[in-house]
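Asker:
Chains as they are written, first to last, in the numbering used here: chain L, 99 to 409; chain R, 99 to 409.
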């Protein structure tokens with residue numbers, strides 16, 4: 099009898115769901131809206147109904163389902179307790195029980211950035227490795243830490259919150275988190291734009307970016323075109339990110355860093371800028387970590403959620 | 099039939115060995131010299147002979163032995179491969195196999211600082227917790243990271259090398275590791291002495307430490323006596339250590355930090371100095387970690403080694 103698994107990635111506007119063979123082959127994927135009204139009370143029932151409907155459509159029995167893995171946009175500890183999810187309107191909730199009871203299947207939940215890391219380890223840029231740190235360079239900076247094949251959720255679900263490593267004690271501008279000098283302020287898309295605008299504001303600054311609508315993509319395109327000001331921005335981006343990754347290496351010593359998120363669409367051109375400062379700061383016992391690009395894009399979450407429940 | 103386990107902690111001059119009941123009660127402990135001559139080729143045979151002799155002395159059969167856990171002064175990965183141990187004269191060696199073949203028992207090895215962390219989680223200052231970071235403030239700064247009850251060895255055995263987190267990019271003095279600005283340069287016994295000597299060298303500096311032989315203990319004694327210069331040293335110590343622990347929290351989000359090593363003999367008087375800067379830097383999702391003192395002293399290694407093999 100064929101064994102299958104569901105991977106669910108709950109976002110603020112849509113829920114992505116994937117149906118996988120136990121080997122990791124994606125059989126089907128689809129989305130449903132995330133109904134966040136009334137403290138998101140319909141989110142889990144909607145997921146349960148969608149999964150029931152898919153089982154019926156595919157003529158699959160519940161005995162064939164290994165389980166349902168779920169990624170949540172908020173902190174989730176290693177017991178599957180969600181410590182609040184602001185974008186869904188949720189407070190503290192034992193998700194494994196709550197959805198498990200609705201659907202009569204084994205459920206395992208983890209944080210969305212963490213399951214994306216697990217997905218990349220399983221079928222993406224970190225395939226074949228078991229000590230992996232995923233670095234998501236999007237609007238903010240997130241991440242996921244996998245040690246010896248196991249996701250590090252952390253006591254309160256705060257494992258892999260690497261965007262809030264403080265990398266500059268002299269910063270005077272606040273991060274969204276309330277502190278000053280977080281990695282996210284320099285190496286996210288927003289951070290890259292901020293660094294570029296600061297550089298452009300210097301009197302006499304010359305750059306192809308001048309007068310453009312400055313985006314992270316525009317900055318990296320300018321780097322590719324050999325623009326000196328853009329290169330100086332990339333160097334600062336690399337300093338903060340490379341130093342932070344060296345700190346992470348001294349804690350968990352990964353074999354590979356996998357870079358995802360919008361900024362990473364720039365591609366491998368980022369790597370020498372990061373590597374330069376990583377090598378300067380990394381402990382000699384932790385050298386040799388590889389850098390790779392994420393491969394699963396927006397599907398990383400459903401892959402990782404499926405892997406979470408397969409174990 | 100009573101089940102027992104051996105915990106072995108290999109140091110540069112002595113090997114500590116403990117015989118434990120499976121519940122963790124220490125039945126006996128003793129030491130043998132570490133014979134490092136000829137590339138330390140007798141170290142493992144000596145351990146095997148000592149364990150055989152103890153089994154005979156206690157009339158225990160090998161069937162009663164769950165296994166032998168071993169702590170090594172060098173990097174050990176999660177497969178038990180030692181990536182060199184300079185103080186023993188060892189190169190790369192598969193310790194689980196090498197000692198296992200000599201003694202005919204299940205063997206599991208890990209880094210010595212990592213097993214000390216495991217020991218403190220099992221029977222010491224971290225008892226009852228499963229997300230623990232041990233911070234050893236000795237001549238250097240070492241550590242061990244435990245997530246969900248599992249030791250994080252890291253790809254090359256460099257997990258928990260927290261003494262080499264770079265906390266000061268402006269430092270011009272080199273750390274033993276070759277980089278500049280490592281945590282170890284400020285928060286080890288050596289680091290505290292260095293900070294104190296720098297403060298004392300300022301013209302007009304007044305302190306009870308003046309003219310004394312400055313040791314880490316003398317500095318903390320002076321802090322306890324309300325010495326203003328010593329308090330400024332403690333504040334710097336706390337800034338670097340507290341900020342580094344906040345970085346560690348954003349990676350693995352521990353529930354408790356357990357402080358051991360000679361500097362920690364100062365006791366809880368250290369905590370407010372560390373807490374002040376930890377709270378300033380820690381991500382809001384990782385707040386609330388406890389601080390505690392290590393309790394097992396030099397026995398942490400044998401306890402942790404025993405726990406490693408019990409699992």
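Idealized CB from N, CA, C, for every residue including glycine.
Judging by CA-CA distance, which residue of R:245, R:291, R:358 is the nearest neighbour of residue 330 of chain R?
Answerer: Ranking the options by Cα distance to residue 330 of chain R, first place goes to R:291.
Asker: Taking Cβ positions, are residue 183 of chain L and residue 198 of chain L nearer each other than 8 angstroms?
Answerer: No, these two residues do not count as a Cβ contact at 8 angstroms.
Asker: Output, in chain order, the set of chain R residues within a Cβ distance shorter than 9 angstroms of residue 283 of chain L.
Answerer: Those within 9 angstroms of residue 283 of chain L in chain R number zero; the least Cβ separation is about 13 angstroms.
Asker: Please go through the same chain and pick out, in chain order, the residues whose beta-carbon is closer than 7 angstroms to the beta-carbon of residue 256 of chain R, but skip the five residues on each side of it.
Answerer: Cβ neighbours of residue 256 of chain R beyond the five flanking positions: 173.
Asker: Please go through the same chain and pick out, in chain order, the residues whose beta-carbon is closer than 6 angstroms to the beta-carbon of residue 219 of chain L, but skip the five residues on each side of it.
Answerer: Closer than 6 angstroms at the Cβ level, and outside the excluded window around residue 219 of chain L, lie 230, 244.
Asker: Do the CB positions of residue 260 of chain L and residue 348 of chain R come within less than 8 angstroms of each other?
Answerer: It is a contact, given that the beta carbons lie within the stated cut-off.
Asker: Report yes if the C-beta distance between residue 305 of chain R and residue 333 of chain R is below 8 angstroms; otherwise report no.
Answerer: Not closer than 8 angstroms, so no.
Asker: If you follow the beta strand (DSSP E) that residue 105 of chain L is in, where does it begin and where does it stop?
Answerer: Its beta strand (DSSP E) spans residues 102-108.
Asker: Using the C-alpha atoms, what's the distance from residue 345 of chain L back to residue 399 of chain L?
Answerer: Distance between the alpha carbons of residue 399 of chain L and residue 345 of chain L: 26 angstroms.
Asker: Please check if any C-beta of chain L sits within less than 8 angstroms of the C-beta of residue 259 of chain R.
Answerer: Yes, contact with chain L.
Asker: Taking Cβ-Cβ distances shorter than 9 angstroms, what residues in chain L pair up with residue 108 of chain R?
Answerer: In chain order: nothing, as chain L lies at least about 18 angstroms away.
Asker: What distance in whole Å lies between the Cβ atoms of residue 201 of chain R and residue 190 of chain R, which are believed to be in contact at a cut-off of 8 angstroms?
Answerer: Not confirmed; about 21 angstroms, so no contact.
Asker: Quick check: is the beta carbon of residue 353 of chain L nearer than 8 angstroms to any beta carbon in chain R?
Answerer: Yes - at least one Cβ of chain R is within 8 angstroms of the one on residue 353 of chain L.
Asker: Alpha carbon to alpha carbon, what distance is there between residue 279 of chain R and residue 155 of chain R?
Answerer: Near 51 angstroms, if we compare the C-alpha coordinates of residue 279 of chain R and residue 155 of chain R.
Asker: For residue 262 of chain R, is the classification buried or exposed, using 16 other Cβ atoms within 10 angstroms of its Cβ as the cut-off for buried?
Answerer: It counts as buried.
Asker: Hey, quick one: how far does the alpha helix (DSSP H) through residue 215 of chain L stretch, first residue to last?
Answerer: Residues 210-221.
Asker: By the criterion of Cβ-Cβ separation under 9 angstroms, what are the contact partners of residue 386 of chain R in chain L?
Answerer: The answer, in chain order, is 253, 254.
Asker: I'd like to know if residue 245 of chain R contacts chain L, where contact means its C-beta is closer than 8 angstroms to some C-beta of that chain.
Answerer: Answer yes: the Cβ-Cβ gap between residue 245 of chain R and chain L drops below 8 angstroms somewhere.
Asker: What are the boundary residues of the alpha helix (DSSP H) that includes residue 368 of chain L?
Answerer: Note, residue 368 of chain L: alpha helix (DSSP H), 368-379.
Asker: Determine the DSSP secondary structure at residue 361 of chain R, reduced to helix, strand or coil.
Answerer: Residue state, collapsed to three classes: helix.
Asker: Of all the beta strand (DSSP E) runs that stay within the bounds of the region 227-279 of chain L, which reach a length of 3 or more residues?
Answerer: List check, beta strand (DSSP E) in window: 230-235, 239-245.
Asker: Does the distance from the C-beta atom of residue 205 of chain R to that of residue 165 of chain R stay below 8 angstroms?
Answerer: Yes. Within cutoff.
Asker: Does residue 334 of chain R come out as helix, strand or coil in the three-state DSSP assignment?
Answerer: It is helical.
Asker: Between which two residues does the alpha helix (DSSP H) holding residue 319 of chain L run?
Answerer: 314-322 is the span of the alpha helix (DSSP H), which, as asked, contains residue 319 of chain L.
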